[in-house]
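Structure record follows, encoded as structure tokens.
2 protein chains.
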Amino acid sequence: MDKALKYLDAHRDPILNELFELLRIPSISAQREHVNDVRKAAEWVARKLNALGIEAKVFETAGHPLVYGEWLGAPGKPTVLFYGHIDVQPVEPLEEWQTPPFEPTIREGNLYCRGASDDKGQLYTHLAAAEAWLAADGTLPVNVKFLIEGEEEIGSPNLPAWINEHRELLAADVVVISDTAQFAADYPSLCTGLRGIAAFEIEVRTGSADLHSGSFGGAVPNAIEVLSRILTGLHDEVGRVSVPGFYDDVDEPSAEEKSSWSRLPFDEATFIASAGVKATWGEPDRSVLERIWTRPTLEFVGIMGGHQGQGHKGIVPARAVAKCSARLVPKQDPKKVLEAIRQRVMQLAPPYAEVLFHCGHGTPAVSIPTDSKWVAAAVAALEKGFGSRPVFIREGGSISIVTTFVRDLHLPCLLMGFGLPDDRIHSPNEKFSLKDFQRGARSSIALLQELSVR
Amino acid sequence: MDKALKYLDAHRDPILNELFELLRIPSISAQREHVNDVRKAAEWVARKLNALGIEAKVFETAGHPLVYGEWLGAPGKPTVLFYGHIDVQPVEPLEEWQTPPFEPTIREGNLYCRGASDDKGQLYTHLAAAEAWLAADGTLPVNVKFLIEGEEEIGSPNLPAWINEHRELLAADVVVISDTAQFAADYPSLCTGLRGIAAFEIEVRTGSADLHSGSFGGAVPNAIEVLSRILTGLHDEVGRVSVPGFYDDVDEPSAEEKSSWSRLPFDEATFIASAGVKATWGEPDRSVLERIWTRPTLEFVGIMGGHQGQGHKGIVPARAVAKCSARLVPKQDPKKVLEAIRQRVMQLAPPYAEVLFHCGHGTPAVSIPTDSKWVAAAVAALEKGFGSRPVFIREGGSISIVTTFVRDLHLPCLLMGFGLPDDRIHSPNEKFSLKDFQRGARSSIALLQELSVR
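Protein chains in written order, with the working numbering: chain V, 1 to 454; chain G, 1 to 454.
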């Protein structure tokens with residue numbers, strides 16, 4: 001491993017120059033005029049993998065192509081599947097970029113370019129690690145597979161099907177993904193949980209048609225009044241969800257996680273400012289991080305009813321709808337949660353209204369147990385790469401591809417994000433710290449070593 | 001008067017034939033292709049008035065023309081101003097008409113035609129009354145003025161300004177309008193009150209932009225949740241408005257009105273069926289008619305916030321708006337009511353949200369005191385015309401032109417509707433009972449006589 005680390009340090013510039021080649025390809029998956037650029041980027045990565053000795057191929061999908069490559073020269077050793085993506089977000093508004101979006105530029109220790117952090121730069125840490133091992137040692141300590149897609153920024157519409165059709169090809173012991181961020185600068189992080197989601201709609205009908213508010217107002221029910229009363233009944237005054245059974249299966253985080261979180265540089269004022277709100281809200285006996293990472297929520301996503309246009313209209317509306325969702329935490333069953341909410345909604349429905357509960361899609365949360373050997377390997381690797389012990393963090397949202405790996409392939413995932421929260425992914429002037437690129441690549445070199453001895 | 005009544009009975013057919021001429025003109029004010037038909041109808045009415053000896057002229061407005069006519073041959077006697085309109089509603093869907101919409105047809109004692117009840121037929125009762133007096137007696141017992149517009153069905157956009165520019169021309173003692181309905185068949189009715197309205201919007205902002213419900217949900221306020229809680233706080237659970245001071249200036253109806261209402265053939269099941277609701281709602285200690293006629297309301301007219309489109313979106317919305325209105329009853333000041341609601345809304349606003357209260361237009365209610373000599377004249381005239389004592393009723397909505405007469409010209413209005421609730425005005429197969437046409441015209445003959453002796 002030391003030879004690989006030395007190779008990495010000695011070849012910093014040629015490695016970066018190769019990454020620059022990839023970054024210069026404007027592989028925007030959402031824009032039709034860049035369809036060939038996504039393909040070019042895929043071909044570039046396949047070529048690079050093959051050059052390293054990792055047998056790779058471009059695969060067609062119904063949308064943009066993807067790249068799959070493998071090196072299986074370590075029989076008896078674990079197999080690690082790296083996932084990443086080479087497509088990027090659109091770059092508008094162009095005038096806000098200090099340097100052209102597809103011209104890699106180094107300023108104050110940061111690499112500026114669309115895709116620098118999300119995800120070409122982070123992905124490349126693992127290619128650099130493989131290169132370092134193969135160049136320095138002529139071999140890799142474990143078997144590796146690469147699955148690199150071109151549609152992540154448009155929601156990976158074709159990947160889950162492709163994965164399920166190529167289960168044997170993708171057989172592995174652990175998945176490694178570097179497409180998130182450290183909690184803060186110099187806080188190497190391992191993400192151990194993602195919330196799930198369960199969507200639903202509440203529809204209230206109080207009559208067959210809107211009524212004239214002069215001729216009927218005051219003597220007939222109002223759909224918006226009924227819906228408001230139902231929605232109000234779903235939380236208590238301080239922000240706890242008022243649905244019997246809602247918190248039943250919710251686990252407390254492990255002592256290790258809690259102690260890890262207490263060391264995080266979380267500042268509530270900074271959080272409030274970044275959210276653009278006047279104050280936090282929610283379960284008062286939980287910290288902000290606990291609320292977002294470990295607690296389920298019930299959110300009102302949209303509401304509509306009655307007159308939506310300009311000006312005023314003299315009606316008593318007969319129909320109102322709220323679009324809602326619950327963010328779920330590990331062990332919660334979307335169906336069970338939706339049923340609990342449905343029962344509460346029906347309990348709140350007055351006899352003079354017809355209340356309909358429409359269930360939407362549901363995805364359970366993802367939990368990555370902190371006591372596995374894979375996590376132990378990642379912890380050791382990050383400590384080696386960054387020089388400090390990593391923190392366990394979680395993510396309040398879902399990453400759909402992680403759900404696919406965990407739920408369809410039953411693979412443990414290591415979410416090792418090397419980016420920073422202020423990398424401005426999806427915005428002008430996206431950047432990636434060169435120091436973190438180097439520390440990420442070192443961590444990846446160490447991870448291959450650590451995985452080989454578990 | 002007896003001669004006039006005899007003339008009316010003897011000339012039933014020629015009078016109806018003349019009304020048919022007017023009804024055949026498709027004077028739909030809302031449809032551009034009928035712009036000349038509205039003018040034709042105005043010219044027809046002006047010609048008719050002049051033929052009767054009532055000097056009339058077509059006046060131009062920024063929109064459709066109107067007709068003004070006067071007969072001032074009774075010096076020292078009161079002056080009565082008749083208001084009506086010769087424009088009609090569109091006739092679509094055509095296939096639902098049993099006979100062509102502009103071909104007056106008599107079936108089972110009813111006259112079917114667009115405009116039969118709203119308002120050509122009702123208006124014509126007063127022309128027939130004037131004709132009967134003038135033909136039989138050569139004179140009218142009071143001075144009369146006619147103001148007949150061509151834009152009522154599109155909201156009378158130009159009439160209030162015209163009225164205010166012609167205050168001297170319109171000087172009168174009382175206004176008579178037959179553009180409403182009897183409470184039920186054989187219940188000659190005098191409408192003694194119209195509710196006013198005060199419109200407002202409640203806008204809630206919990207942040208500068210919608211937030212990702214994964215990354216922030218559960219720890220930041222939700223604009224829809226805040227708005228729902230505010231709306232829910234504006235009524236108690238049974239439907240009373242929970243705004244301190246809201247009912248302060250609300251008058252109880254007079255004993256005479258209450259006793260009149262107790263005689264009305266009101267059936268709650270029929271009301272529920274006609275409204276298309278499952279049950280009534282509102283102040284439990286008030287009858288349905290009291291709720292609509294004598295009580296102010298606070299209605300939610302429209303609500304919007306967050307994701308309005310198809311499907312789901314993972315956001316915590318930062319903004320939500322409710323469009324609302326209060327229906328007002330006599331003595332309530334729109335400004336005072338809006339201020340009371342604003343204070344209550346602000347009291348319900350949580351510290352973590354910015355809550356804006358936008359005042360909209362306000363129109364006070366109209367009250368027609370039942371103890372005036374004009375009302376006494378109308379009561380006597382209706383009793384003469386219908387053979388039974390009229391009932392006092394009210395209207396839950398506003399009639400904007402009545403508000404103009406009452407508030408701008410300070411004129412008492414007699415709202416003597418001869419139509420029936422099932423006349424299907426604005427719908428296919430509009431009708432007007434021939435019996436009610438005759439009883440209306442008799443009432444109008446009697447009204448001129450009654451007004452002359454007050």
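Yeah, the Cβ is synthetic: ideal placement off N, Cα and C, and Gly gets one too. Here the structure is a predicted model, which is why all the values come from computation and not from measurement.
A direct Cα-Cα distance of roughly 12 Å separates residue 263 (chain G) from residue 184 (chain G). Within the stretch 124-197 of chain G, the alpha helix (DSSP H) runs of at least 4 residues that lie entirely inside it are, in chain order, 159-165. For residue 370 (chain V), the secondary structure class from DSSP, reduced to helix, strand or coil, is coil.
Contact of residue 304 (chain V) with chain G is assigned, a C-beta pair being separated by under 9 Å. Interface criterion met: the Cβ of residue 352 (chain G) is under 9 Å from a Cβ in chain V. Only exposed fits residue 209 (chain G), as fewer than 16 other CB atoms lie within 10 angstroms of its CB. For the stretch 311-323 of chain G, the set of residues with a beta-carbon nearer than 8 Å to any beta-carbon of chain V comprises 312, 313, 314, 315, 316, 317, 318, 320, 322 and 323, in chain order. Taking the Cα positions, residue 211 (chain V) is about 48 Å away from residue 151 (chain V). Per DSSP, the unbroken beta strand (DSSP E) holding residue 304 (chain G) starts and ends at 297-306. Residue range 110-112 is occupied by the beta strand (DSSP E) that includes residue 110 (chain V), with no alpha helix (DSSP H) assigned at that position.
Counting only Cβ-Cβ distances below 9 Å, residue 221 (chain V) has contacts in chain G at 239, 277, 278, 279, 280, 281 and 282, in chain order. By the neighbour-count definition (other C-beta atoms within 10 Å, threshold 16), residue 119 (chain G) is a buried residue. Proximity of residue 79 (chain V) to chain G, defined by a Cβ-Cβ separation below 9 Å, is not satisfied. Taking the Cα of residue 166 (chain V) as reference, the smallest distance to any Cα among V:409, V:40 and V:289 is reached at V:409. Of the residues G:449, G:454 and G:453, the one whose Cα lies closest to the Cα of residue 140 (chain G) is G:449.
Legend: CB atoms of the stretch 327-346 of chain G lying less than 7 Å from CB atoms of chain V belong to residues 327.
Taking each of G:83, G:82 and G:55 in turn and checking the Cα distance to residue 73 (chain G), the smallest one comes out for G:55. Residue 59 (chain G) sits away from residue 49 (chain G), with the two beta carbons spaced by 9 Å or more.
Residues of chain G with a Cβ closer than 7 Å to the Cβ of residue 288 (chain V) are, in chain order, 219.
Collapsing the DSSP output to three states places residue 288 (chain V) in a helix.
Closer than 9 Å to the CB of residue 308 (chain V) there is at least one CB belonging to chain G. According to the DSSP assignment, residue 440 (chain V) belongs to no beta strand (DSSP E) but to the alpha helix (DSSP H) extending over 434-452. Note on the stretch 388-420 of chain V: whole beta strand (DSSP E) runs with a minimum of 3 residues are 391-395 and 413-415, in chain order. The Cβ atoms of residue 291 (chain G) and residue 305 (chain G) lie no closer than 9 Å to each other. Membership of residue 80 (chain G) in the beta strand (DSSP E) is indicated by the continuous run 79-85.
Membership of residue 232 (chain G) in the alpha helix (DSSP H) is indicated by the continuous run 223-232. Any Cβ of chain V closer than 9 Å to the Cβ of residue 58 (chain G) would place that residue at the interface, and such an atom is absent. Residue pairing from DSSP places residue 327 (chain G) in a beta bridge opposite G:197 and G:297. Between residue 192 (chain G) and residue 418 (chain G), the C-beta spacing is not below 9 Å. Closest in C-alpha terms to residue 433 (chain V), from the list V:110, V:81, V:97 and V:145, comes V:110. Per DSSP, residue 11 (chain V) has no beta bridge partner at all. The residue among V:3, V:444 and V:453 with its C-alpha nearest the C-alpha of residue 128 (chain V) is V:444. In this structure, G:157 is the residue among G:157, G:252 and G:20 with its C-alpha nearest to the C-alpha of residue 400 (chain G). Annotation: Cβ neighbours of residue 229 (chain V) in chain G (cutoff 9 Å, chain order): 228, 231, 232, 235 and 237.
Of the residues V:80, V:373 and V:376, the one whose Cα lies closest to the Cα of residue 176 (chain V) is V:80.
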